[in-house]
Amino acid sequence: MKLSLRDVVKKFGTHTVLDNISLELDGVHCLALIGPSGGGKSTLLRIIAGLEYPTSGQVALNDRTIEYNDQALLRHRRSIGTVFQAFNLFPHLTALRNITLPLEKVHGRTPAEARELAEGTLRRFRLLDHAHKKPAELSGGQRQRVAIARAIAIKPQVVLLDEPTSALDPEMTAEVLELIEELKKEGRDLLLVTHEMGFARRLADRVALLAEGRIAEIGPPEQVFDHAQSDITREFLRRVLRY
Ligand SMILES: Nc1ncnc2c1ncn2[C@@H]1O[C@H](COP(=O)(O)OP(=O)(O)O)[C@@H](O)[C@H]1O
Ligand SMILES: [Mg+2]
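The end of the sequence shown is residue 254 by the working numbering, with every number in the run present.
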């Protein structure tokens, strides 16, 4: 993927959450965003996803400048897959229907097409046996895998994931991380906010540390994890890797 951020600023009232972020990436297949809580990771991801407007600045994904108006954002959102921390499945619908509904209503597929895409995706992720269960009948890991299946049923080139495992216990975390690794292997580009440092190290080809609305460090994982340049990064890693 190509990602270009130029002087991106986001303020909520007088609070500056993203403070002039600039970055140019090309040929990156997995960008991991790490950093302390409140540093602006989710806000940046939501701006790239087109779910939030920047206060100023420019964002371009794969050479397309994101136009921050409602009409253009609808199109932009349809072109990418997004997965967030909380399982945002509809509780009253089955796993299958959770996937087919947006395919029909948002992406304009016929019910037959939607069903074929949804079943194909569930099968690939070994979730077909659970197709007719509602979220409450699934484990946390299964729910999050259904949420990921929903995000990628349209085969988006870029998938954005915001702490997809933070609500899961370790065993379920592993099954979700395995699935994310499969996405990368099949050629999807990933933009991943994570607190799983080992996973970021293994999967990412770029790691950026965001703290207090600025990029404190960016580079290949070996550089960021083993030869951090900034005190902020070293302090953050010392804290999260202590246990
Ligand atoms: N909708 C909002 N309104 C006001 N403040 C917000 C909103 N969303 C996020 N913030 C603030 O922006 C800062 C960064 O939040 P966030 O992007 O969620 O950080 P992170 O994901 O790195 O933990 C926090 O101080 C948070 O309170
Ligand atoms: Mg966050």
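Backbone N, C-alpha and C fix where the C-beta goes; we use that ideal spot for every residue, glycine too.
Q | Exposure label - serine 53; buried when at least 16 CB within 10 Å | A | In the sequence shown, residue 53 corresponds to position 42, counting from 1. It counts as buried.
Q. Per DSSP, which one or two residues make a beta bridge with glycine 230?
A. Position 219 of the sequence shown, counted from the start, is the residue given in the question as residue 230. For glycine 230, which the question treats as bridged, DSSP gives the partners Val218.
Q: Could you name the residues of the same chain whose beta carbon sits closer than 7 Å to that of alanine 147, not counting the 5 residues immediately before and after it, in chain order?
A: The count along the sequence shown starts at 1 and reaches residue 147 at position 136. Taken in chain order, the residues that qualify are Pro102.
Q) Along the chain, which unbroken stretches of the beta strand (DSSP E) at least 3 residues long are found entirely within the segment 79-117? A) Correct list: 92-94.
Q.
Tell me which residue opens and which closes the beta strand (DSSP E) that phenylalanine 23 is part of.
A. By 1-based counting over the sequence shown, the position of residue 23 is 12. That run of the beta strand (DSSP E) goes 14-23.
Q: Write down every uninterrupted run of the alpha helix (DSSP H) in the segment 147-211 whose length is 4 residues or greater and which is fully enclosed by it, in chain order.
A: Note on the segment 147-211: whole alpha helix (DSSP H) runs with a minimum of 4 residues are 151-163 and 181-196, in chain order.
Q: Return the first residue and the last residue of the alpha helix (DSSP H) that glutamate 127 is part of.
A: Numbered from 1 along the sequence shown, position 116 holds the residue referred to as residue 127. Its alpha helix (DSSP H) spans residues 122-135.
Q) Distance, Cα to Cα, glutamate 228 vs leucine 34? A) Indexing the sequence shown from 1 puts residue 228 at position 217. Indexing the sequence shown from 1 puts residue 34 at position 23. Straight through space, the alpha carbons of leucine 34 and glutamate 228 are spaced by roughly 11 Å.
Q.
DSSP has threonine 66 in a bridge; who is on the other side?
A. As a first step, residue 66 must be located in the sequence shown, where it is residue number 55. Note: threonine 66 sits in no beta bridge, so no partner.
Q | Residue of Glu223, Arg245, Leu36 and Thr176 minimising C-alpha distance to glycine 151 | A | In the sequence shown, counting from the first residue as 1, residue 151 sits at position 140. Thr176 is the residue among Glu223, Arg245, Leu36 and Thr176 whose C-alpha sits nearest the C-alpha of glycine 151.
Q) Among Arg120, Leu179 and Ile110, which one has its Cα closest to the Cα of isoleucine 159? A) The count along the sequence shown starts at 1 and reaches residue 159 at position 148. Ile110 is the residue among Arg120, Leu179 and Ile110 whose C-alpha sits nearest the C-alpha of isoleucine 159.
Q | Selected residue, minimal CA-CA separation from alanine 125, among Pro113, Phe136 and Arg134 | A | Start at 1 with the first residue of the sequence shown, and residue 125 comes out as number 114. Among Pro113, Phe136 and Arg134, the Cα nearest to that of alanine 125 belongs to Pro113.
Q: May I ask which residues mark the beginning and end of the alpha helix (DSSP H) holding valine 251?
A: To locate residue 251, count along the sequence shown from 1; it is residue 240. Looking at the DSSP string, the run of the alpha helix (DSSP H) that includes valine 251 is 242-251.
Q. Is valine 157 near ligand 2, in the sense that its beta carbon is under 7 Å from a heavy atom of that ligand?
A. The count along the sequence shown starts at 1 and reaches residue 157 at position 146. Checking the Cβ of valine 157 against ligand 2 gives no.
(Q) Can you tell me where the alpha helix (DSSP H) holding alanine 60 begins and where it ends? (A) Taking the sequence shown and counting its residues from 1, one reaches residue 60 at position 49. Counting along the chain, the alpha helix (DSSP H) containing alanine 60 begins and ends at 52-60.
Q: Spatial neighbours of glutamate 186 within its chain, please: CB distance less than 6 Å, with the 5 preceding and 5 following residues excluded, ordered by chain position.
A: Locating residue 186 in the sequence shown gives position 175, counting from the first residue. Excluding the 5 residues flanking it on each side, glutamate 186 has same chain C-beta neighbours closer than 6 Å at Gly152, in chain order.
**Q.** Within 5 Å of ligand 1: residues by beta-carbon to any heavy atom
**A.** Taken from the N-terminal end onward, the list reads Phe23, Val28, Ser48, Gly49, Gly50, Gly51, Lys52, Ser53 and Thr54.
Q) Does the distance from the CB of leucine 44 to the CB of isoleucine 32 come in under 8 Å? A) Within the sequence shown, numbered from 1, the residue matching residue 44 stands at position 33. Within the sequence shown, numbered from 1, the residue matching residue 32 stands at position 21. For leucine 44 and isoleucine 32, no; Cβs fall outside 8 Å.
Q.
Determine whether the beta carbon atoms of leucine 221 and leucine 42 lie at a separation below 8 Å.
A. What you label residue 221 is simply residue 210 of the sequence shown in a count that begins at 1. What you label residue 42 is simply residue 31 of the sequence shown in a count that begins at 1. Going by beta carbons, leucine 221 and leucine 42 fall outside the 8 Å limit.
Q. For glutamate 78, is the beta carbon positioned less than 7 Å from some heavy atom of ligand 2?
A. Position 67 of the sequence shown, counted from the first residue, corresponds to residue 78. In terms of side-chain proximity, the C-beta atom of glutamate 78 is found no nearer than 7 Å to any non-hydrogen atom of ligand 2.
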